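One structure is given here, and the rest of the page talks about it.
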Amino acid sequence: MQKDFNVQTIGKLDILQGVSGRFGHGKLSAIMGSSGAGKSSLLNALSGYVTIGVSGDIICDRKNICYIVQEDEHGENFTVGELMNLACDLRLGQKQRSEKREIINKILIKLNMNHRVDVKPHKLSGGERKRLSIALELVANPKILFLDEPISGLDEVTARQCIQLLSNLAKEGHTIVCTLHQPSMTTFNYFDSVYVLGKGQCIYQGSPRSLIPFLQHIQRECPIQYSPPDYIIELCDFEGEKIIRLMSEAMGNGKYIYYDDSIQMPFRQTIAEQTALDDSGFTLSNEKISGFYQFKILFAFMILKIMRARVSLLLQFVHHSSVGIFMGLLIWNKGNEGALMYEHMKFCVINIFMVAYTQIIIPVLGYPTEVKLLKKETFNHWYTLPPYYAAFCLSRVPLQILLNVMYLGTTYTMYGLPMQWSRFILFVLAVQMTSFVAEGIGLTIASIFNNGTVVGPVTIATFLGTAIYGFDFVSRIPKIVDILLTFTFMRVGCKALIFTLFGFGREKLDCDDYFCHFSDPRVLLKFVGLHKTSFQEQIFLLLIMVIFFRILFYLGLRRRCKT
């Protein structure tokens, strides 16, 4: 695998400056350098994980590769065995279960993880979590593995074991490229080749044992008390641009390889030659896996994931039930009071605000970590985006409806509204449609921003202002403002809720005063400007908003997966 790369940031700062190089088939290669040298940028560009600002060519197909990121993100509520089964189901299609089990056993034995099958990832050590990440990708038998800082945060013994494992995988025919900072000499010697970067330029490419002769070649003798990988990086840090330019020119910025005490031109190897051998003992299924099959697997997995998140479930049940009871106590049995028009308006706004706030904030806070996992898994061809998107959206519906019905049943009953099933169902429908819109907004924010903790509350505050604006002077609202308010979901939700409370033939409300202007529900509907519209129109507007924000959510995910 050869390359010739420039990588720029959006501000046009060159991170990699026209580097070239080669990583051979069946070899364990390391990309080294100090912080900011461009290691991760080169790895991301090589793998295709990042494409913005990258120019250059790779002589290798990207069809059968995988990228293992530095953070080991896994389904924390699933065991190692369950995660391996999921990987097999998604990547090997409808193979026989016995075949999948055999593949899983081979991989786990090879990585010395067979005794941890029933353990959840959060109970694994750092080295075991890294091995699990590798095991999940080996299911597809990738020809090329890219790993970003695989030994970061590991102790020396565990780091050496991890690199030794990668070396064994390379001997079986895998091409493995990983980034490192400053490995120990023992770890360093496990590599077949190293590629050292200094400020975006290639300053050494060759075998580990040839590094000392190379330093002698450029008249920089490595002191006996130094390890060569430490010394070459310290040279760059202390001598700066001058030594980097000298070493880069000696290596042709990656066009040459230092091997057996001499600088040589790398030979070019075809893809067919690189991938001709495979001693891994199992092969990837060539069967094309349908999107519907992926959807079934992902949907079942996500439902199980929701059910196993017991702390989250408990918090949501407590949240909805406690807020419902507390609100019910504040508004106890006021639903049939004709003199409390503004109390009725507040009741509608509070219900809409409750579901809107909940459904926006939850994904804003929790979903960005899921996006990272999604990007890694779609990049590594676990599944495509459409099946994931459909499974994710549908899997959240049952719990959301259950929680909302529990909350709304409490407030509806305690407020003293008419005990009519048809009215209650429409009441739930109005709030649930608003809830779907709010969830779409929250997911859209989470798919666009890595941290939307500021954007989420600001969005809620903006929509809340539009929800309560002008109900007592609706006839005097400027036309342009009225049109804008028509397309704000919390206001539309409030309108739909007012219809369910005072429309559909609601009888006159009780009046303990001498005269109650709003005891007739039709008067109230006219006062707030709803006599010219209908409940169905509000639900239709909410449906359009649901579709609109779900499309934005999908586009946000697609953008994150591609960039």
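In full-length UniProt numbering, the protein residues as written are 1 to 563.
Built from N, CA and C at the ideal position, the CB exists for glycine as well.
Note that the structure is a prediction, hence the values are computed from the model and not measured.
Taking its Cβ as the centre, do 16 or more other Cβ atoms sit within 10 Å of R396, making it buried, or is it exposed?
Taking the first residue of the sequence shown as 1, we reach residue 396 at position 396. Looking at its Cβ environment, which holds 16 or more other Cβ atoms inside 10 Å, R396 is buried.
Where does Q216 land, buried or exposed, given buried means 16+ other C-beta within 10 angstroms?
Numbered from its first residue, the sequence shown carries residue 216 at position 216. Its Cβ having fewer than 16 others within 10 Å, Q216 is exposed.
Have a look at V437 and S207 and give me their C-alpha separation to the nearest angstrom.
Here residue 437 corresponds to residue number 437 of the sequence shown, with the count starting at 1. Here residue 207 corresponds to residue number 207 of the sequence shown, with the count starting at 1. Looking at the two C-alpha atoms, the distance is approximately 57 Å.
How is F282 classed by DSSP in three states: helix, strand or coil?
Position 282 of the sequence shown, counted from the first residue, corresponds to residue 282. With a pLDDT of 46 at F282, under the threshold of 50, the predicted position of this residue should be treated as unreliable, though the coordinate-derived value follows. Residue state, collapsed to three classes: coil.
By Cβ distance, which residues of its chain are closer than 6 Å to A87, with the 5 residues on each side in sequence left out?
As a first step, residue 87 is located in the sequence shown; it is residue number 87 there, counting from the start. For A87, where only same-chain residues beyond five positions count, the Cβ hits under 6 Å are L136 and V139.
Assumed close pair L497, V546 - CB separation to whole angstroms, cut-off 8 Å:
Locating residue 497 in the sequence shown gives position 497, counting from the first residue. Locating residue 546 in the sequence shown gives position 546, counting from the first residue. The C-beta distance from L497 to V546 rounds to 16 Å, too long to fall under 8 Å, and the pair is not in contact.
Would you mind stating whether G26 and F379 have Cβ atoms separated by less than 9 Å?
Reading the sequence shown from its first residue, position 26 is the one you call residue 26. Reading the sequence shown from its first residue, position 379 is the one you call residue 379. Taking 9 Å as the Cβ cut-off, G26 and F379 do not qualify as a contacting pair.
Using a Cβ-Cβ cutoff of less than 7 Å, which residues in the same chain neighbour L235 once the five nearest sequence positions on both sides are dropped?
Taking the first residue of the sequence shown as position 1, residue 235 is located at position 235. So the list reads R220 and I243, once near-sequence residues are dropped.
Under a three-way DSSP split, which group does F487 fall into?
Residue numbering aside, residue 487 sits at position 487 when the sequence shown is read from its first letter. In the three-state scheme derived from DSSP, where H, G and I count as helix and E and B as strand, F487 is classed as coil.
Does L497 come out as helix, strand or coil in the three-state DSSP assignment?
In the sequence shown, residue 497 corresponds to position 497, counting from 1. It is helical.
Output the boundary residues of the beta strand (DSSP E) element that contains S29.
Numbered from its first residue, the sequence shown carries residue 29 at position 29. S29 -> beta strand (DSSP E) spans L28 to G33.
Mind listing, in chain order, the continuous beta strand (DSSP E) runs of no fewer than 3 residues lying wholly within the segment 300–369?
Within the segment 300–369, not a single complete beta strand (DSSP E) segment reaches 3 residues in length.
Assuming L403 is part of the alpha helix (DSSP H), what are its boundary residues?
For the purposes of this step, residue 403 is identified with residue 403 of the sequence shown, where counting begins at 1. First-last of the alpha helix (DSSP H) with L403: V397 to Y415.
Could you give the DSSP three-state label for I441: helix, strand or coil?
In the sequence shown, the residue the question calls residue 441 occupies position 441. Three-state DSSP puts I441 in a helix.
Contact set for Q161: own chain, Cβ-Cβ below 8 Å, skip 5 residues either direction:
Your numbering for residue 161 matches position 161 in the sequence shown. Excluding sequence neighbours, Q161 sits near G127.
For Y259, which three-state DSSP category applies?
For the purposes of this step, residue 259 is taken as residue 259 along the sequence shown, with counting starting at 1. In the structure shown, the three-state DSSP call for Y259 is strand.
Under a Cβ-count criterion, where at least 16 other Cβ atoms within 10 Å of its own Cβ denotes burial, should L557 be classed as buried or exposed?
In the sequence shown, residue 557 corresponds to position 557, counting from 1. Result: buried.
Three-state secondary structure assigned by DSSP to residue 565
Nothing can be reported for residue 565, as the shown portion of the chain is limited to 1 through 563.
With DSSP as the reference, label I15 as helix, strand or coil.
The residue you call residue 15 lines up with position 15 of the sequence shown. Three-state DSSP puts I15 in a strand.
Residues near Y412 by beta carbon distance below 7 Å, same chain, minus five either side:
Here residue 412 corresponds to residue number 412 of the sequence shown, with the count starting at 1. Excluding residues within five positions, the ones whose Cβ falls inside 7 Å are F424 and F427.
Going by the beta-carbon positions, is the gap between I163 and I151 smaller than 9 Å?
The residue given as residue 163 occupies position 163 in the sequence shown. The residue given as residue 151 occupies position 151 in the sequence shown. For I163 and I151, yes; Cβs fall inside 9 Å.
Going by C-alpha to C-alpha distance, which of D192, L46 and D118 sits closest to D148?
In the sequence shown, counting from the first residue as 1, residue 148 sits at position 148. The candidate whose alpha carbon is nearest that of D148 is L46.
When the Cα of Y67 is compared with those of K376, Y256 and L403, which residue comes out closest?
Numbered from its first residue, the sequence shown carries residue 67 at position 67. Y67 has its Cα closest to that of K376, out of K376, Y256 and L403.
Would you call T9 buried or exposed, if buried means 16 or more other Cβ atoms sit within 10 Å of its Cβ?
In the sequence shown, counting from the first residue as 1, residue 9 sits at position 9. In this prediction, T9 has a pLDDT of 48, which is less than 50 and means its spatial position is unreliable; what the coordinates show is noted afterwards. T9 is exposed by the Cβ-count criterion.
Between which two residues does the alpha helix (DSSP H) containing I243 stretch?
By one-based count along the sequence shown, residue 243 stands at place 243. Its alpha helix (DSSP H) spans residues E241 to A250.
For L111, which three-state DSSP category applies?
Residue 111 sits at position 111 when you count from the first residue of the sequence shown. Correct three-state label for L111: coil.
What residues in its chain sit with their C-beta under 7 Å from that of Q70, if we drop five residues either side in the sequence?
Numbered from 1 along the sequence shown, position 70 holds the residue referred to as residue 70. Only D148, E149 and S152 meet the Cβ criterion.
Among A356, F535 and P213, the one whose alpha carbon lies nearest that of M250:
Taking the first residue of the sequence shown as position 1, residue 250 is located at position 250. Before going on, a small fix: residue 250 reads as Ala here, not Met. Across the set A356, F535 and P213, the C-alpha of P213 shows the shortest separation from the C-alpha of A250.
Considering only the alpha carbon of each residue, which of K123, V371, N105 and T500 lies closest to M419?
Counting from one through the sequence shown, the residue named residue 419 turns up at place 419. Comparing Cα-Cα distances from M419 to each of K123, V371, N105 and T500, the minimum goes to T500.
Which partner residues does V196 have in the DSSP bridge list?
Here residue 196 refers to the residue found at position 196 when the sequence shown is read from its first residue. Answer is M32 and Y204, bridged to V196.
Go ahead and label E337 buried or exposed: buried means 16 or more other beta carbons lie within 10 angstroms of its beta carbon, across all protein chains shown.
Within the sequence shown, residue 337 is the residue found at index 337, counting from 1. Buried: at least 16 other Cβ atoms inside 10 Å.
Flag this pair as touching only if the segment 449–464 and the segment 382–396 have three or more C-beta atom pairs under 8 Å; answer yes or no.
Touching, no, given that fewer than three Cβ pairs across the two stretches are closer than 8 Å.
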